[in-house]
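Numbered per numbering that gives the first Met the number 0, the sequence shown spans residues 0 to 174.
Virtual Cβ for every residue (Gly too), placed ideally from N, Cα, C.
These figures come from a predicted structure and were not determined experimentally.
See structure below.
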Amino acid sequence: MQIEITIHDVEVKQQRTFPDNRGFFREVFRSDEPIFQNGNFAQWSHSKMTKNVVKAWHFHHRQTDWWYLALGTAQVVLYDNRSSSPTYQKKMDFLLGEESHLEDSCVVRIPPGVLHGIKVLSEEAHLFYVTSESYDPQDEGRIPYNSLEIPHDWGEGVITVERDRVPHTPPYDRE
């Protein structure tokens, strides 16, 4: 599976998996790899989610995210909301996780200003993500998951929280 990159500055790194009769070994990424260049390691987080959970639309002014789905399957959707970007208003929609096959696992780099959302398709999913900045509520913005501004429908029966249903524009500049 190759993910078509249609948004400027988004990067995808295919994983190398080494299976044997005990399971497998996979190196997620190294700090000296191109996908991690120009990025500061500030925080490593783990999000456990259940089927039909949608977390969207989030964006950051300063923070870069690196996402890796360690368990489960999820739909990831990215939308370029940077008016100065050559791919302004382009969308990427792809699967991460087990259903994308062991040999095709990947890490995705999400730059500041790119809206990102995730919907869990399996019974549960474990998203591990590294961020270039420590959590700062002044940096994280939100657009409601069902906003008509974004050309995407997450479907019926989704599970969200209140903060993903209301807009929030933090005080930092968008670009």
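Here Tyr144 is not bridged, per DSSP, to any residue. For Tyr128, the enclosing beta strand (DSSP E) covers residues Glu123 to Thr130.
Counted as a single uninterrupted DSSP element, the beta strand (DSSP E) harbouring Ala73 occupies residues Thr72 to Asp79.
Relative to Val160, the option among Val113, His151 and His57 whose CA is nearest is His57. Short of 7 Å from the beta carbon of Ser146, and not among the five residues preceding or following it, lie these beta carbons of its own chain, in chain order: Trp56. Your pair Arg81 and Glu10 does not check out as a contact, with CB atoms roughly 15 Å apart and the cut at 8 Å. Contact between Asp138 and Val113 is ruled out by a C-beta separation of about 14 Å, above the 8 Å threshold.
When DSSP states are grouped into helix, strand and coil, Pro33 belongs to the helix group. Taking the CA atoms as reference points, Ile2 sits about 24 Å from Ser44. With the rule of 3 Cβ pairs closer than 8 Å, the region 27-36 does not count as touching the region 118-125. In the DSSP assignment, Glu10 falls within the unbroken beta strand (DSSP E) covering Glu10 to Gln13. Under the three-state reduction of DSSP, Asp19 is assigned to strand. For His57, the enclosing beta strand (DSSP E) covers residues Val53 to His59. Between Pro111 and Gly140, the beta carbon gap of about 10 Å keeps them out of contact (Cβ cut-off 8 Å).
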